[in-house]
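> Each step along the sequence shown adds one to the number in this note's numbering, with nothing skipped, and position 569 is 562. By construction, the Cβ of each residue, glycine as well, lies at the ideal position given by its N, Cα and C atoms. Submitted below is the structure of interest, expressed as C-alpha cells.
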Amino acid sequence: MQEEPEGTFALHPVSFLQILADLTGFNSGGACCCRKGKEAREVQMEPKKKLINSVDSCVDEALCGLVRASGGLSLLKGHRVVLRSDLDNLTGKVALLSGGGSGHEPAHGGYLGAGMLSAAVAGGVFASPPPASILAAILCLHHAGVSGVLLIVKNYTGDRLNFGLAAEQARNHGVAVDMVIVAEDCAFDQPSKAGRRGLCGTIFIHKLAGALAEEGCPLDQIVSKVTEVLKGIGTLGVSLSPCSVPGCLPSFDLPPGDMELGLGIHGEPGIKRLKVASADELVKTMIDHITNPDSQSHLPLKSGDSVVVCVNNLGALSCLEMAVVTGAAIICLENRGVVVARVMSGTFMTSLEMAGVSLTLMRADQETLRLFDAKTSAPAWPNLSSVCVSGRSCIIEPQAVSPGPQADTHSEGPLSPVMRKALERVCSTLLEKQEELNSLDRAAGDGDCGNTHAQAAKAIREWLQDHVVPGCPGQLLSVLAGLVQEKMGGSSGALYSLFLTAAAARVTEGQNNAVAWASAMHAGTQAMRRYGGADPGDRTMLDALCPAVDELMKLTTAPPGEQMAVLQTAVQKASSGAESTRNLTAMAGRASYIAAERVTLPDPGAVAVAAILRAVLEGLK
-6 MQEEPEGTFA
4 LHPVSFLQIL
14 ADLTGFNSGG
24 ACCCRKGKEA
34 REVQMEPKKK
44 LINSVDSCVD
54 EALCGLVRAS
64 GGLSLLKGHR
74 VVLRSDLDNL
84 TGKVALLSGG
94 GSGHEPAHGG
104 YLGAGMLSAA
114 VAGGVFASPP
124 PASILAAILC
134 LHHAGVSGVL
144 LIVKNYTGDR
154 LNFGLAAEQA
164 RNHGVAVDMV
174 IVAEDCAFDQ
184 PSKAGRRGLC
194 GTIFIHKLAG
204 ALAEEGCPLD
214 QIVSKVTEVL
224 KGIGTLGVSL
234 SPCSVPGCLP
244 SFDLPPGDME
254 LGLGIHGEPG
264 IKRLKVASAD
274 ELVKTMIDHI
284 TNPDSQSHLP
294 LKSGDSVVVC
304 VNNLGALSCL
314 EMAVVTGAAI
324 ICLENRGVVV
334 ARVMSGTFMT
344 SLEMAGVSLT
354 LMRADQETLR
364 LFDAKTSAPA
374 WPNLSSVCVS
384 GRSCIIEPQA
394 VSPGPQADTH
404 SEGPLSPVMR
414 KALERVCSTL
424 LEKQEELNSL
434 DRAAGDGDCG
444 NTHAQAAKAI
454 REWLQDHVVP
464 GCPGQLLSVL
474 AGLVQEKMGG
484 SSGALYSLFL
494 TAAAARVTEG
504 QNNAVAWASA
514 MHAGTQAMRR
524 YGGADPGDRT
534 MLDALCPAVD
544 ELMKLTTAPP
554 GEQMAVLQTA
564 VQKASSGAES
574 TRNLTAMAGR
584 ASYIAAERVT
594 LPDPGAVAVA
604 AILRAVLEGL
614 K
C-alpha cells in the first residue's frame, strides 16, 4: 500500500496539520504502525527490538548523548534544541538553524560547528519540532548578537508550517529571519502540489551556507547563493528493507528479493518496487532516474559537468556495501563524461535502521567547490580531500619481486603421475564437501570454511590443467603453498601455506622416500603450531593433523611392506581426531569466542584435514 502524499510527513502532535491528518486519515510521516487492511495480521506481530531505554525518552537521551560526547555542543534547557557552545563567536554573523524529526541522525545535530549550523531543533521520531522550540532557538541566537538567522528547512508540510510560524513570530520580536526550503528529491516524475521532498541534499546547503556565514556574508547574499545552488542538486533513495519507529511495527512490507526505489526518509514506501539487482545495475538505474529529462524533477546533467557526489547510508548498510556502491557511482558518472570533483560516502541522513542508500548529485563550479572545501568543526562532517576524484591516478605498481616457484619450469619425474592423481582426488573431495564444511562452520564461525577450501581446490585444478606436476615433491609443495596463499585467503590459507612451505624443504629430488615425507609432515605441523599458536586439544585442524603425523613418524622405522598400513592408520587417527573435536572446548580460532555449550559439532578445519588425508590415501591406492 503506497504512502500518502509526501507533504503530510513529519508532523508535530499538536500542530494543526496533525489534526487535519487525523480527520482525513492521512499517515503522519510513515510512523504509524496500524495500517488499514493489515490490523488483524499486525496484532500478532511484535515491534522490532531497539537498543534504547524507553520509547518515550529515546529522543531526549539521544540528544543528551550527542551533547555529552562533544565539547562544542550544548542543550537549550526545556527544549530539544542543540546549540553551539561558542555562541560568542557568532556575533555579527548570520546564524544557521535547521532541524526536523528525529531518526535521521547524524542530521541535524551532528552538523553544528564553525562553518556549518549554529543550532538544530529536534522533534519526535519522524515528527516536526514544535514552533515554540524553533522560536526559542531563534531568540537564543538573536540574543547572542547574530546579524540574522537563516532557517534551512526540508520540504515537508509540518516543517514548513512550524518553522514558518516560528519565523513570523521571530520577526515580530525584531529578528532578521529568512528561510530556505530544500526540495531536491528526484523520485516523482510529476510532483504533487506539495512539491519535491527535502532529502540528503540538505546537508550540502548546511555546508555551503555555513561557509558563507563564517566568511561574514550578509543574510540576503547567503539566501541568493544557496537558492541558486539548489537548482543543481538532485537526490534519489533506494532501500532493501523498511525501518520501524521505536515501539511500532515496520513501516511497510518488503518481500525478500525486492527493493523500494524513490523512497523518502520517514519510513514511507518508494514510488516503484524492483527486484534486487547488483550494485552496478542499481546505481545506473538511480542515476538514469535522477537525470531523466522526461521527469519534471530531474537534475539536468551533461557530459563535462562537474559534480559533488554524496553516497548516503540510510542506516543499516555495511561499510563494505557502501564502498561498492560508491565505486559504482563514480564509474557510472565518469562513463557519462561527468567530472566527479568530490565524493562523500558514509552515514549523513538516515531513516533509523533502514538498509538502503541515497545518491545526491550537486553540480559544482569552482566557487561552490571552494565553499564545499572550507573547514568546519561539525563532528558529523567527514574529513574530505580537496583533490578532484576524476582524473586522479589511484593505482600504485608494486615493487618487482623475483619469480616464485610457480613461475619456474619444472620437469616431470616418476612420482608425477601419482602426485597428480592424489591432488585430483583431494580437489574433488573438497568440492564435494563444500556445503558440509560450510554448515559445520556456521555453528561457530562465519560459515565459509567450505568455500575457502573449494577456492583452493579450484585453483589447484586450474593449475593442473596448464602445468606438469614436477617430479620433485618439494617443488610441488612450494607451488601448492603459493596457490593456497593467493587463492584460499584467510587464516586457513596462511596455515596451509605455512605447512606446505615448511614441508617443501624436507622432500627434495634426492630425498623423497617415506622417511623424508614423515619428516616433511612433522616440519609442516610444527610450523603451524609455532605461528598459529594452537596446540592439539584446542579444537582446531591440529586435532586431526597431529595424531596423523605422530602415526606417520612410524614410517621412519617401518619396513616397506608395512608403510601402506601406517598410512591407513594415520588416516583413521585423523578421522578420529576430527570427531573428537565435537567434545572439545575451543581455545583458538573464531570458535573460541563462542560459548562452549553452543559449539557441539566437529571442527570444520579438522574435518577438512581428515578428508584431505583420506583423499591422498585413496589417490595413492
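Just checking my contact of residue 89 with residue 145 at CB under 8 Å: how many whole Å lie between their CB atoms?
Indeed, because the Cβ distance is near 6 Å, the residues count as touching under 8 Å.
> Roughly how far, in whole angstroms, is the beta-carbon of residue 292 from the beta-carbon of residue 227, given that I think they are within contact range, below 8 Å?
With 8 Å as the limit, residue 292 and residue 227 qualify as a contact, their Cβ atoms being about 3 Å apart.
> Please return the same chain residues whose Cβ sits closer than 7 Å to the Cβ of residue 328, not counting the five positions on each side in sequence.
Excluding positions up to five away in sequence, the list is empty.
> Could you give the DSSP three-state label for residue 537: helix, strand or coil?
It is helical.
> Grab me the residues of residue 45's own chain with a C-beta within less than 8 Å of its C-beta, minus the 5 sequence neighbours each way, in chain order.
Within the same chain, residue 45 has close Cβ partners 51, 54, 239.
> The alpha helix (DSSP H) spanning residue 459 covers which residue range?
Per DSSP, residue 459 belongs to the alpha helix (DSSP H) from 442 to 459.
> Are the region 166 to 186 and the region 107 to 116 in contact at 8 Å, needing three or more beta carbon pairs?
The answer is no - the region 107 to 116 does not touch the region 166 to 186, with fewer than three Cβ pairs under 8 Å.
> Taking the continuous alpha helix (DSSP H) assigned at residue 281, which residues delimit it?
Per DSSP, residue 281 belongs to the alpha helix (DSSP H) from 272 to 283.
> Quick check: what's the CA-CA separation for residue 512 versus residue 459?
About 30 Å.
> With distance defined between alpha-carbon atoms, name the residue in 413, 377, 601 nearest to residue 486.
Residue 601 is the option with its Cα nearest to residue 486.
> Please state if the CB of residue 216 and the CB of residue 170 are separated by a distance shorter than 7 Å.
Contact flag unset, no.
> Should residue 353 and residue 193 be called a contact, given that it needs their Cβ atoms to be closer than 7 Å?
In this structure, residue 193 lies closer than 7 Å to residue 353 by Cβ.
> Excluding the 5 residues flanking residue 265 on each side, which residues of the same chain have their C-beta closer than 7 Å to its C-beta?
The answer, listed in chain order, is 254, 255.
> Taking only three categories from DSSP, how would you classify residue 139?
Coil.
> Use the C-beta contact count for residue 597: other C-beta atoms within 10 angstroms, 16 or more gives buried, fewer gives exposed.
The residue is buried, with at least 16 neighbouring Cβ atoms inside 10 Å.
> Could you check where the alpha helix (DSSP H) with residue 616 kicks off and where it finishes?
Because the chain in this structure spans residues -6 to 614, residue 616 falls outside the shown range and cannot be described.
> If contact is defined by three or more beta carbon pairs under 8 Å, each pair taking one atom from either stretch, is the region 369 to 378 in contact with the region 90 to 105?
As far as the Cβ criterion goes, the region 90 to 105 touches the region 369 to 378, which means the pair count is three or higher.
> Which residues does DSSP list as the beta-bridge partners of residue 616?
Residue 616 falls outside the range modelled here, since the chain spans only -6 to 614, and no answer is possible.
> Cα-Cα, which of 120, 159, 154 is closest to residue 615?
This structure leaves residue 615 out entirely; the chain is present only between -6 and 614.
> Classify residue 323 as helix, strand or coil using the three-state DSSP reduction.
Residue 323 falls in the helix class under three-state DSSP.
> Would you kindly work out how many angstroms separate the C-alpha atoms of residue 322 and residue 331, rounded to a whole number?
Straight-line Cα distance between these residues: approximately 11 Å.
> Can you look up residue 144 in the DSSP assignment and give me helix, strand or coil?
Strand at residue 144.
> Tell me whether the region 297 to 304 and the region 332 to 344 touch, counting them as touching only if at least three CB pairs, one residue from each stretch, are closer than 8 Å.
Contact between the region 297 to 304 and the region 332 to 344 is present, because at least three Cβ pairs lie under 8 Å.
> Compute the Euclidean distance between the alpha carbons of residue 337 and residue 377, then round it to the nearest angstrom.
Looking at the two C-alpha atoms, the distance is approximately 7 Å.
> Does the structure place the region 473 to 486 close enough to the region 432 to 449 that three or more beta carbon pairs sit under 8 Å?
Contact holds: three or more Cβ-Cβ distances are below 8 Å.
> Does the separation of the CB atoms of residue 121 and residue 151 fall below 7 Å?
Their beta carbons are under 7 Å apart, which means residue 121 touches residue 151 by this criterion.
> Find out if the Cβ-Cβ distance for the pair residue 608, residue 418 is shorter than 7 Å.
Cβ atoms of residue 608 and residue 418: closer than 7 Å.
> Which class does residue 576 belong to by DSSP, given the choice of helix, strand or coil?
Correct three-state label for residue 576: helix.
> Taking Cβ positions, are residue 564 and residue 610 nearer each other than 7 Å?
Result yes, Cβ atoms of residue 564 and residue 610 sit closer than 7 Å.
> Quick check: what's the CA-CA separation for residue 208 versus residue 288?
The alpha-carbon atoms of residue 208 and residue 288 are separated by roughly 37 Å.
> Would you mind listing the beta strand (DSSP E) stretches within the region 154 to 190 that are 3+ residues and don't spill past its ends, in chain order?
For the region 154 to 190, whole beta strand (DSSP E) runs of length 3 or above, ordered along the chain, are 170 to 175.
> Quick one, which of 246, 521, 211, 199 has its alpha-carbon nearest residue 223's?
Of the candidates 246, 521, 211, 199, the one whose C-alpha sits nearest the C-alpha of residue 223 is 199.
> Residue range of the alpha helix (DSSP H) that residue 113 falls in?
From DSSP, residue 113 is part of no alpha helix (DSSP H) but of the beta strand (DSSP E) over 112 to 118.
> Our contact map puts residue 242 next to residue 234 with C-beta atoms below 8 Å; I'd like the distance itself, whole angstroms only.
With a Cβ gap of about 13 Å, residue 242 and residue 234 do not count as contacting.
> Taking 8 Å as the limit between beta carbons, can you name the residues of its chain near residue 604, skipping five residues before and five after?
Contacts found: 422, 423, 426.
> Would you list, in sequence order, the uninterrupted alpha helix (DSSP H) runs of no fewer than 4 residues that lie entirely inside the region 293 to 381?
Taking only runs of at least 4 residues, the alpha helix (DSSP H) segments lying wholly in the region 293 to 381 are 312 to 328, 359 to 366.
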